[in-house]
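Notes follow once the structure below has been shown.
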Ligand code: SF4
Ligand code: SF4
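Residue numbers (the numbering used here): 67 to 369.
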């Protein structure tokens, strides 16, 4: 599923200059990969399909116990992102998820027309990230010492699996793209349901909005950032229809980036959209969001 044409057009402009959210997101997505890769690389936990050197808390164990350790790691990671969700909504989806970052890196390639100079670095970056992602997952299943001590055939099989994983991540980013985040990711949607209202999230100040709609066009999951309390009626995957946009917002800040670009160019301040914490907590944040959404829907019905 390719990037929506209007989002692709905006990205061509936005990606010409660095942005603090992009730098932060790149660092956090790499940190997520490092967290996934650390236990097997440090020998703390893994299943070893190569020579059966399964580990749990650094000790040699049976396959079943190592599998239990892997499940425990998954549950612990889930709980950490769950706590983040309590404060920042789907902040992990917007800033820490490696799969979403793979989408973004592929979009960076697409933002430079074929044949133009400058495509080499983003292409290499997107494949390298996919390779690191695949390697982080693969080493839960094989001892990394295979690359040094393994037979030629064992290394060839592992390399084949690694390349297949890399290609699948790239294929996902090219074909399925944001549809997964929008309707299918069970983790993100579960977080949305259990903690839809947080003090941190998108804030809208109608006073300086010039109704350019750039925020609507750039949203990767097809929300209207100015009207996040409006009901989302989509029928896609696991997405829960009849919940508000707040439930589906990734807290990715793309709409804020677009708004900053448009308003800064025109010398308008303050920026109408921000990604921020409300100083008076969740209830105040929800009230402000509702007022802003009502105001935006009045403006759009009057257009
Ligand atoms: S509304 Fe803004 S922050 Fe939320 S998903 Fe859309 S672009 Fe990202
Ligand atoms: S990008 Fe900013 S100025 Fe443009 S419509 Fe959205 S909120 Fe208003």
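Virtual Cβ for every residue (Gly too), placed ideally from N, Cα, C.
Using C-beta distances below 6 Å, list every residue in its chain close to residue i, excluding the 5 sequence neighbours before and after it, in chain order.
i           : result
residue 98  : 162 and 164
residue 290 : 282
residue 158 : 147 and 150
residue 167 : 95
residue 131 : 122
residue 318 : 160
residue 72  : 283
residue 344 : 265, 350 and 351
residue 246 : none
residue 106 : 112, 205 and 206
residue 337 : 325, 326 and 329
residue 85  : 323
residue 181 : none
On a CA-only basis, which of the options is nearest residue i? Give me that one, please.
i           : options               : result
residue 260 : 312, 283 and 268      : 312
residue 112 : 273, 208 and 181      : 208
residue 63  : 168, 358, 206 and 251 : Outside the shown range of the chain (67 to 369) lies residue 63, about which nothing can therefore be said.
residue 273 : 256, 292, 280 and 258 : 292
residue 284 : 92, 192 and 328       : 328
residue 87  : 361, 341, 362 and 173 : 341
residue 266 : 134, 82, 155 and 85   : 155
residue 324 : 339, 343 and 334      : 339
residue 301 : 106, 248 and 334      : 248
residue 83  : 333, 225 and 177      : 177
residue 81  : 108, 140 and 171      : 171
Measure the alpha-carbon distance for residue i versus residue j and round it to whole angstroms.
i           : j           : result
residue 10  : residue 94  : One cannot answer for residue 10 here, as it falls past the ends of the chain, which runs 67 to 369.
residue 148 : residue 142 : 10 Å
residue 70  : residue 239 : 13 Å
residue 315 : residue 195 : 25 Å
residue 364 : residue 236 : 42 Å
residue 77  : residue 100 : 28 Å
residue 212 : residue 278 : 55 Å
residue 117 : residue 193 : 29 Å
residue 304 : residue 252 : 7 Å
residue 231 : residue 102 : 15 Å
residue 54  : residue 120 : There is simply no residue 54 to check, as the chain begins at 67 and stops at 369 in what is shown.
residue 270 : residue 330 : 16 Å
residue 332 : residue 268 : 22 Å
residue 334 : residue 322 : 14 Å
residue 183 : residue 74  : 18 Å
residue 355 : residue 242 : 31 Å
residue 294 : residue 362 : 10 Å
residue 90  : residue 225 : 31 Å
residue 135 : residue 297 : 41 Å
residue 145 : residue 250 : 20 Å
Kindly list the residues whose CB is nearer than 7 Å to the CB of residue i, restricted to its own chain and excluding five residues on each side of it in sequence; keep chain order.
i           : result
residue 244 : 169, 286 and 287
residue 320 : 284, 285 and 286
residue 360 : none
residue 234 : none
residue 114 : 120, 208 and 209
residue 299 : 307 and 308
residue 133 : 113
residue 254 : 156, 159 and 247
In chain order, what residues of the same chain lie with their CB nearer than 8 Å to the CB of residue i, ignoring the 5 residues before and after it?
i           : result
residue 104 : 110
residue 175 : 185, 188, 189 and 192
residue 92  : 167
Who sits around ligand 1, taking every residue whose Cβ is closer than 7 Å to one of its heavy atoms? 160, 268, 281, 284, 285, 286, 287, 289, 291, 294, 311, 315, 316, 317, 318, 319, 320, 321, 322 and 341
### Task
Specify whether the stretch 195-203 and the stretch 342-354 touch according to this definition: at least 3 beta carbon pairs, one from each stretch, less than 8 Å apart.
no
> Is the stretch 244-258 close to the stretch 297-309, with three or more CB pairs under 8 Å?
Replying inline: yes
Determine contact between the stretch 214-226 and the stretch 123-133, defined as no fewer than three beta-carbon pairs at a distance below 8 Å. no
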